[in-house]
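> Reading the sequence shown from the start, the letters are residues 1 to 359 in the UniProt record's numbering. Glycine residues also receive a C-beta, built at the ideal position from the N, C-alpha and C atoms. Keep in mind that this is a model prediction, so the values were computed, not measured. Once you've had a glance at the structure underneath, I'll fire off some questions.
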Amino acid sequence: METNNTTTSNGVHNAHSKDNAAKIVFGDPVLCAQFLKGYTDIPLFKEIKPEDIENVSSHFLPLFQESRDSDTVNKIRIGNSEIYLIALIEHQSENDFDMSFRILRYIVFIWTDYAAQQEKLHKGITKSKAFLYPPILPIVYYEGTSTWSAPLNFKNRVFLSDVFGDYIPSFNYLVVPLNKYSKQDLIEKNDELSLIFLINQLQSSSEFHNLKDIPKEYTEHLTDNTPDYLLKIIGKVIAVLLHKLNLPDEEVYDITDQITRRKFSMMFDNFQAYDVQETRRVSREEGRLEGKIEGKIEGEQLLLIKLVIKKLEKNYSAEQIAEILEESLDTIQPIYDIALRQAPDYNTDKVFEELNSNK
1 METNNTTTSN GVHNAHSKDN AAKIVFGDPV LCAQFLKGYT DIPLFKEIKP EDIENVSSHF
61 LPLFQESRDS DTVNKIRIGN SEIYLIALIE HQSENDFDMS FRILRYIVFI WTDYAAQQEK
121 LHKGITKSKA FLYPPILPIV YYEGTSTWSA PLNFKNRVFL SDVFGDYIPS FNYLVVPLNK
181 YSKQDLIEKN DELSLIFLIN QLQSSSEFHN LKDIPKEYTE HLTDNTPDYL LKIIGKVIAV
241 LLHKLNLPDE EVYDITDQIT RRKFSMMFDN FQAYDVQETR RVSREEGRLE GKIEGKIEGE
301 QLLLIKLVIK KLEKNYSAEQ IAEILEESLD TIQPIYDIAL RQAPDYNTDK VFEELNSNK
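Here's what the structure looks like:
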């Protein structure tokens, strides 16, 4: 789990990055409704609406006595009834085999609080025959790459359960593993949450090429139907996820800026199969080993040209681009001059050809 406390250029804090991203998702009623409808297979949730969901995490989490800032509690209205949803976030590569006991504590806390609230309204009601506790659905949203193998029923964590089974609390929790869904599965869901999950499935920036063939219809649907406030939330979540892939702040800002400006197709076009800092480190190391600076591979040069063009489109000067990309002006200026002559019809391959023909 990442624990660096940094502030990005768009104001997103990067402490416990995956936890923060998941908390944003489950804390938003639109994204939470999409999750319940599309990922739980519970018929009762098929018609759920965002207005049916109220996030009450701030009330319950202090009671849980655990440092689990990512866990959320939502109160969900189904007709005239209420149920509680506990969403616990796990993204470690190893299973948490004590998950069922942690959930048991959460359930008891919620029911205890519910009973206390009802007693304030109607003294003695909890002792009446008509009083019922609300159902609680515990969900573990699992972002790890390995298969979740921890027991789903609390009874399996108690020894001699085969003998004393009738006297041991018995309940299952629901696991929703992110790695269960293929890219095509997520695209077919065709909603904002599927976009977040597509990005969240990337284990490294070298997997960006997996997103290059996103269908045009998918990006058009997001462009036409996503409300403005949700664009900002998606931008925050994706910024958190991209930072864990070691992308520089400037690149993260460019991508999230395209989201808020409804340029989803451009965002996918600009995803590149590389980690900027690592690619540069490797290429420079190769240059030292070979005794020449020209040891950069052709692919990195093409990527550098594309980055220069992106900054040129935003009216950055050659000096500013060199500073942002941490390159010398001698490297950037020739690329800048050639690309500038092409404006506004920039072409990465043509810049590459002219740059190398000049050399």
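Would you call the stretch 139 to 150 in contact with the stretch 172 to 183, where contact means no fewer than 3 C-beta pairs closer than 8 Å?
yes
> Considering T256, what are the terminal residues of the alpha helix (DSSP H) in which it resides?
On the sequence shown, residue 256 is found 256 positions in, with the first residue counted as 1. In the DSSP annotation of this structure, the continuous segment of the alpha helix (DSSP H) that includes T256 starts and ends at 249 to 260.
> Using the DSSP secondary-structure output, state which residues sit across from L88 in a beta bridge.
As a working note, residue 88 is residue 88 in the sequence shown. According to DSSP, L88 shares a beta bridge with V140.
> Cβ of F154 within 9 Å of Cβ of F101?
Taking the sequence shown and counting its residues from 1, the one referred to as residue 154 is at position 154. Taking the sequence shown and counting its residues from 1, the one referred to as residue 101 is at position 101. Closer than 9 Å, so yes.
> What first and last residue would you give for the alpha helix (DSSP H) that runs through T223?
Counting from 1 along the sequence shown, the entry for residue 223 is found at position 223. Unbroken alpha helix (DSSP H) run through T223: 216 to 225.
> The beta strand (DSSP E) spanning L174 covers which residue range?
Here residue 174 refers to the residue found at position 174 when the sequence shown is read from its first residue. It spans 174 to 177 - the beta strand (DSSP E) in which L174 sits, taken as one unbroken run.
> Would you kindly report the start and end of the unbroken alpha helix (DSSP H) that includes K120?
Within the sequence shown, residue 120 is the residue found at index 120, counting from 1. Note, K120: alpha helix (DSSP H), 99 to 121.
> I214 and I238 look like a contact to me (Cβ under 8 Å); what is the Cβ gap, rounded to whole Å?
Along the sequence shown, one-based indexing puts residue 214 at 214. Along the sequence shown, one-based indexing puts residue 238 at 238. About 14 Å separates the two Cβ atoms, so there is no contact after all.
> Here's a check: name, in chain order, each residue in its chain whose Cβ is nearer than 6 Å to the Cβ of S149, leaving out the five neighbours to either side.
Sequence index remark: in the sequence shown, residue 149 carries index 149 (1-based). Once the five neighbours on either side are set aside, the close Cβ partners of S149 are N95.
> May I have the straight-line CA-CA distance separating L186 from R105, to the nearest angstrom?
What you label residue 186 is simply residue 186 of the sequence shown in a count that begins at 1. What you label residue 105 is simply residue 105 of the sequence shown in a count that begins at 1. Going from the Cα of L186 to the Cα of R105 covers about 33 Å.
> Near A21, what residues of its chain come up, given a Cβ to Cβ distance below 6 Å and the 5 sequence neighbours on each side ignored?
In the sequence shown, the residue the question calls residue 21 occupies position 21. V237, V240, L241.
> Does DSSP classify V73 as helix, strand or coil?
Residue numbering aside, residue 73 sits at position 73 when the sequence shown is read from its first letter. In the structure shown, V73 sits in a strand (DSSP, three-state: E or B).
> Could you compute how far the alpha carbon of V308 sits from the alpha carbon of D330?
Here the question's residue 308 lines up with position 308 in the sequence shown. Here the question's residue 330 lines up with position 330 in the sequence shown. About 13 Å.
> Please report the residue range of the beta strand (DSSP E) in which N55 lies.
Locating residue 55 in the sequence shown gives position 55, counting from the first residue. Residues 53 to 55.
> Quick one: grab the DSSP three-state call for N200.
As a position in the sequence shown, residue 200 is number 200, starting the count at 1. N200 falls in the helix class under three-state DSSP.
> According to DSSP, is Y265 helix, strand or coil?
On the sequence shown, residue 265 is found 265 positions in, with the first residue counted as 1. The question names Tyr, but residue 265 is Ser in the sequence shown. S265: helix per DSSP, three-state reduction.
> Look at the Cβ atom of F352, then the Cβ atom of L302, and state whether they are nearer than 9 Å.
Stepping through the sequence shown from its first residue, residue 352 is reached at position 352. Stepping through the sequence shown from its first residue, residue 302 is reached at position 302. Result yes, Cβ atoms of F352 and L302 sit closer than 9 Å.
> Please work out which residues of its chain come closer than 6 Å, Cβ to Cβ, to A318, disregarding the five sequence neighbours upstream and downstream, and give them in chain order.
Taking the first residue of the sequence shown as 1, we reach residue 318 at position 318. The answer, listed in chain order, is I332, Q333, Y336.
> Check E82 in the structure and name its three-state DSSP category.
Position 82 of the sequence shown holds residue 82. DSSP places E82 in strand when its eight states are reduced to three.
> Quick check on N153: does DSSP put it in helix, strand or coil?
In the sequence shown, counting from the first residue as 1, residue 153 sits at position 153. DSSP places N153 in strand when its eight states are reduced to three.
> In its own chain, which residues sit with a C-beta less than 8 Å from the C-beta of M266, not counting the 5 before and 5 after it?
Within the sequence shown, numbered from 1, the residue matching residue 266 stands at position 266. Counting only Cβ-Cβ distances below 8 Å, and skipping sequence neighbours, we find Q258.
> Suppose contacts are defined by Cβ-Cβ distances below 9 Å. Is I83 in contact with I89 by that definition?
As a working mapping, residue 83 is identified with position 83 in the sequence shown. As a working mapping, residue 89 is identified with position 89 in the sequence shown. Against a cut-off of 9 Å, the Cβ pair of I89 and I83 comes out as no contact.
> For L202 and P62, what's the separation of their Cα atoms in angstroms?
Position 202 of the sequence shown holds residue 202. Position 62 of the sequence shown holds residue 62. Using only the alpha carbons, I get a separation of about 33 Å.
> For A343 and Q320, I'd like the C-alpha separation in whole angstroms.
Locating residue 343 in the sequence shown gives position 343, counting from the first residue. Locating residue 320 in the sequence shown gives position 320, counting from the first residue. One C-alpha to the other measures close to 18 Å.
> Report the rounded CA-to-CA distance for D224 versus A33, giving the unit in angstroms.
Position 224 of the sequence shown, counted from the start, is the residue given in the question as residue 224. Position 33 of the sequence shown, counted from the start, is the residue given in the question as residue 33. Rounded to whole angstroms, D224 to A33 spans 20 Å at the Cα level.
> Note down the Cα distance separating V158 from L304, rounded to an integer number of angstroms.
Residue mapping note: residue 158 aligns to position 158 of the sequence shown, counting from 1. Residue mapping note: residue 304 aligns to position 304 of the sequence shown, counting from 1. One C-alpha to the other measures close to 58 Å.
> Reducing DSSP to helix, strand and coil, say where P62 ends up.
If you number the sequence shown from 1, residue 62 lands on position 62. Helix, per DSSP.
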